[in-house]
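Take a look at the structure below.
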Amino acid sequence: MAHLTSSSHPAAGLEADALVVIVAKDCGRAVLADGHGLPPQATTHLTTVIAELELTGDPGEVTTVAAVPEVRAPRVVLAGAGDLTGPDPATREHIRQAVGAAVRGLESRRQVAVVVPTGATDLGAAVAEGAALGSYTPAKVGADKSPRTQNVTVLGPTDGPTRKAVKRAGVIGSAVAYARDLVNQPPNLLYPESFVASLAERAKGTKVKLKSLDLGQLRTGGFGGIVGVGQGSVNEPRLATLAYSPSRPRASLAFVGKGITFDSGGLCIKPADGMLTMKSDMAGAAAVAAAVFGIAELGLPVAVTGYLGIAENMPSGTAQRPGDVVTMRGGKTVEILNTDAEGRMVLGDCLALAAEREPRAIVDVATLTGAQVIALADTAAVMGRGDEFRTRVVDIAGAVGEAVWPMPLPSELRPALETPNADLAHKGGREGGMLTAGIFLGEFVPEGTDWAHLDIAGPSFNSKAAHGYTPKGGTGFGVRTLVGLAESYC
Ligand code: BES
Ligand code: MN
Ligand code: ZN
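Pasting the structure below:
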């Protein structure tokens, strides 16, 4: 975790363990990015290093140089950021990734300073966000509960807006870290009851009110989707709500998260390899929870309620069967066809509940389909109703640096969800699997309500090596878009 401060101190004289300087790619050549303010000998030395080591300035290139003349910090880290002359959102993301990669590599250094490059775009916020996101160490079971904090100084202007942006970056960074930590928890330790207990712990002393429905309440409340998915596990399901209600809010938003603490597939069991990352099947719920806490911490004048459908999908003698027909919240009946399509069942109940309170807009976030991973890999898909609203979500995601691409909900796929045995079949055929899942969810959102569905199966969990500001494991994807969306109503 990073503790961020801003300072206009000259970079060369600053006492720090490491000084991060951005290297841009300008007309195909690596150069020190404008605004470093380093003295002549330091500039000459670093320019020689760039030439002699044939640095490219490409994103992800991190080069450490020791004992740079005239620089007090014992090491200078050159962080490649690529082209910084493109559109503003692209430039900001290049800076976030470059700073994130550099700070991540400096995990063991306590005092880090990063120079904000100057140019057409104000990059102070991007530097702060990159540092906040890159400074993350996954917690290990049994290890010290409080990972060491890194102090990161953002060297540049210290005017009011910059100081505010740096403060905001700190809140966003800890919200994303909270979501990552939840996702990284092993599934024997994070199950529905313990998930809710950890939410209660986090909610203490905040303006967020937690409520949780237990199995009995879910049954009497008619939440057949959640009850059905959870019935195969000894760990009973929950529906948790997290409400932040400031006085005189400008809008009221509902966020819905898929919280499957482990997805074995149920009776339609997954192959071993497919189960390996399925502790992360609650990443949507983690993102929603983190966003609500973050929005409350920022004190935004927008009311938000998070609805978390939490269950463990397990096979057993009490597990749900293909062919079962369950009644969802609101009364629609669904015929189960494949118990591995459990996410849409918990989400359907949560969407129906969220809609009862008539929010301005509903966004659900879910690791919903393998089809999303095949189609878009680490780019999330957004579907929904209200073209303007979907575009709003895409634009905000782009501005905060989360890759989200729009996908349609074609009406010609709706018949795939018809069955003689219930109001709805719970899945369609193989073609357009991501889209039929979205269409299914839409059945639980009233026509006319702005609604977006984010399928984050790919980007929520990084099984490969860390890169940029993205660690291995849980990524916290979605948190920044949800917070950005709330900010857009302020
Ligand atoms: N949790 C999975 C989706 C998933 C797959 C997330 C890979 C992350 C990585 C979901 O519950 C699932 O199993 N979906 C099935 C649905 C199918 C049975 C209709 C799928 O996509 O295969
Ligand atoms: Mn599944
Ligand atoms: Zn799942």
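Per my numbering, the sequence shown starts with residue 400, numbered consecutively.
Using N, Cα and C, we set each Cβ at its ideal position, and we do this for glycine too.
Since the model is a prediction, treat every value here as computed from it, not as a measurement.
Exercise. For the segment 449–534, which segments carrying the alpha helix (DSSP H) assignment without a break, of at least 4 residues, lie completely within its bounds, in sequence order?
Worked result: Taking only runs of at least 4 residues, the alpha helix (DSSP H) segments lying wholly in the segment 449–534 are 487–504 and 523–533.
Taking buried to mean at least 16 other C-beta atoms within 10 Å of its own C-beta, is Gly722 buried or exposed? Working through the sequence shown from its first residue, we reach residue 722 at position 323. Around the Cβ of Gly722, a 10 Å sphere holds fewer than 16 other Cβ atoms; the residue is exposed.
Worksheet item: Can you tell which of Leu840, Arg759 and Glu811 has the C-alpha that lies nearest to the C-alpha of Met727?
Response: Reading the sequence shown from its first residue, position 328 is the one you call residue 727. Checked all of Leu840, Arg759 and Glu811; the closest Cα to Met727 is Leu840.
Item to complete: State whether the segment 710–725 contacts the segment 602–615, with contact taken as three or more CB pairs (one from each stretch) at a distance under 8 Å.
Response: Too few Cβ pairs lie closer than 8 Å, so no.
Shorter than 6 Å, the distance from the beta carbon of Asp763 to the closest heavy atom of the ligand MN, or not? Walking along the sequence shown from the start, residue 763 turns up at place 364. No, Cβ of Asp763 sits at least 6 Å from all heavy atoms of the ligand MN.
**Exercise answer, beta-carbon shell around the ligand ZN heavy atoms below 5 Å** = The set, ordered by position in the chain, is Ile659, Asp662, Asp680 and Gly742.
- Host alpha helix (DSSP H) of Asn550 (start-end): Within the sequence shown, residue 550 is the residue found at index 151, counting from 1. For Asn550, there is no enclosing alpha helix (DSSP H); the residue is part of the beta strand (DSSP E) that begins and ends at Gln549 to Leu554.
According to the Cβ coordinates, are Val607 and Val687 closer than 7 Å?
Here residue 607 corresponds to residue number 208 of the sequence shown, with the count starting at 1. Here residue 687 corresponds to residue number 288 of the sequence shown, with the count starting at 1. Taking 7 Å as the Cβ cut-off, Val607 and Val687 do not qualify as a contacting pair.
*Quick one: Cα of Thr768 to Cα of His444, how far?*
Here residue 768 refers to the residue found at position 369 when the sequence shown is read from its first residue. Here residue 444 refers to the residue found at position 45 when the sequence shown is read from its first residue. The straight-line gap from Cα to Cα measures roughly 51 Å.
* Asked: Exposed or buried, which one is Glu811 when buried takes at least 16 other CB atoms within 10 Å?
  -> Your numbering for residue 811 matches position 412 in the sequence shown. With fewer than 16 other Cβ atoms inside 10 Å of its own Cβ, Glu811 counts as exposed.
Inset, instruction - Would you check whether the ligand BES has a heavy atom nearer than 6 Å to the C-beta of Asn737? - result: On the sequence shown, residue 737 is found 338 positions in, with the first residue counted as 1. Correct: Asn737 has its Cβ closer than 6 Å to the ligand BES.
Please state whether DSSP places Phe622 in a helix, a strand or coil. To locate residue 622, count along the sequence shown from 1; it is residue 223. In this structure, Phe622 counts as coil in the three-state DSSP scheme.
Given Val655 as reference, the closest of Pro758, Ser644 and Leu554 once Cα atoms are compared:
Within the sequence shown, the letter at position 256 stands for residue 655. For Val655, the nearest C-alpha among the options comes from Pro758.
Practice prompt. Less than 8 Å between the CB atoms is what I'm expecting for Ala890 and Ala417, so what's the real figure, rounded?
Written response: Because the chain spans 400 through 889 in this model, residue 890 falls outside it and cannot be assessed.
Please indicate yes or no: does the CB of Thr818 lie closer than 6 Å to some heavy atom of the ligand BES? Start at 1 with the first residue of the sequence shown, and residue 818 comes out as number 419. No - the ligand BES has no heavy atom lying nearer than 6 Å to the Cβ of Thr818.
### Check whether Ala653 and Thr704 have beta carbons under 7 Å apart
The count along the sequence shown starts at 1 and reaches residue 653 at position 254. The count along the sequence shown starts at 1 and reaches residue 704 at position 305. Yes. Within cutoff.
I need the DSSP call for Gly867, collapsed to helix, strand or coil. Taking the sequence shown and counting its residues from 1, the one referred to as residue 867 is at position 468. Coil, per DSSP.
### Task
Look up Glu886 in the DSSP assignment and say whether it is helix, strand or coil.
Within the sequence shown, residue 886 is the residue found at index 487, counting from 1. It is helical.
- Grab the span of the alpha helix (DSSP H) containing Met782 for me, first residue to last. What you label residue 782 is simply residue 383 of the sequence shown in a count that begins at 1. Run containing Met782: none in the alpha helix (DSSP H); it sits in the beta strand (DSSP E), Ala779 to Arg784.
If I'm right that Gly555 touches Asp433 with Cβ under 8 Å, what's the distance once you round it to whole angstroms? In the sequence shown, the residue the question calls residue 555 occupies position 156. In the sequence shown, the residue the question calls residue 433 occupies position 34. In fact, because the Cβ distance is near 12 Å, the residues do not count as touching under 8 Å.
Report all residues from its chain with a CB closer than 6 Å to the CB of Gly624; omit the five preceding and five following residues, and keep chain order. Position 225 of the sequence shown, counted from the first residue, corresponds to residue 624. Taken in chain order, the residues that qualify are Met727, Met744, Val745, Gly747 and Asp748.
inquiry  = Suppose the cutoff is 8 Å on Cβ atoms and the five residues either side in sequence are ignored; what does the same chain contact list for Glu635 look like?
reply    = Residue mapping note: residue 635 aligns to position 236 of the sequence shown, counting from 1. Answer for Glu635: Pro591, Glu592, Asp613, Leu614 and Gly629, listed in chain order.
### Query
Of the choices Arg547, Gly604, Gly665 and Val551, whose alpha-carbon is the least far from that of Thr404?
Residue 404 sits at position 5 when you count from the first residue of the sequence shown. Looking at the Cα atoms, Val551 is the closest of the given residues.
How about Lys678: is its Cβ closer than 6 Å to a heavy atom in the ligand COA?
Of the ligands one can find in the structure shown, namely the ligand BES, the ligand MN and the ligand ZN, none is the ligand COA.
### Neighbourhood of Asp739 by C-beta distance below 6 Å, restricted to the same chain and skipping five residues each side
For the purposes of this step, residue 739 is taken as residue 340 along the sequence shown, with counting starting at 1. Hits under 6 Å: Gly664 and Cys667.
| task | Please name the residue in Pro700, Ala751, Ala856 and Ser679 whose C-alpha comes closest to that of Gln779. | result | Working through the sequence shown from its first residue, we reach residue 779 at position 380. It is worth fixing the name first, because residue 779 is Ala in this sequence and not Gln. Comparing Cα-Cα distances from Ala779 to each of Pro700, Ala751, Ala856 and Ser679, the minimum goes to Ala856.
Looking only at its chain, what residues have a beta carbon closer than 6 Å to the beta carbon of Pro870, apart from the 5 residues adjacent to it on each side?
Mapped onto the sequence shown, residue 870 falls at position 471. Around Pro870: Tyr535.
When DSSP labels each residue in this structure, what does Glu755 get in the three-state scheme?
Within the sequence shown, numbered from 1, the residue matching residue 755 stands at position 356. The answer is helix: DSSP assigns Glu755 an H, G or I state.
Examine the Cβ distances between the segment 574–581 and the segment 676–687 and report whether three or more of them are shorter than 8 Å.
yes
Notebook entry, point to check: Can you check whether the CB of His825 is closer than 7 Å to the CB of Val733?
Noted result: For this step, residue 733 is matched to residue 334 along the sequence shown. For this step, residue 825 is matched to residue 426 along the sequence shown. Taking 7 Å as the Cβ cut-off, Val733 and His825 qualify as a contacting pair.
With a 10 Å radius around its C-beta and 16 neighbouring C-beta atoms as the bar for buried, classify Asn861 as buried or exposed.
The residue you call residue 861 lines up with position 462 of the sequence shown. It is buried - the Cβ of Asn861 has at least 16 other Cβ atoms within 10 Å.
At the 7 Å Cβ level, is Asn820 part of the contact set with chain E, yes or no?
Chain labels in this structure do not include chain E; a single protein chain is all it has.
Residue range of the unbroken beta strand (DSSP E) whose run includes Val420
Start at 1 with the first residue of the sequence shown, and residue 420 comes out as number 21. That run of the beta strand (DSSP E) goes Ala417 to Asp425.
My assumption, with CB atoms under 8 Å, is that Ala501 sits in contact with Val422. Please give the rounded CB distance. On the sequence shown, position 102 is the one that residue 501 refers to. On the sequence shown, position 23 is the one that residue 422 refers to. Ala501 to Val422, Cβ: 10 Å. No contact.
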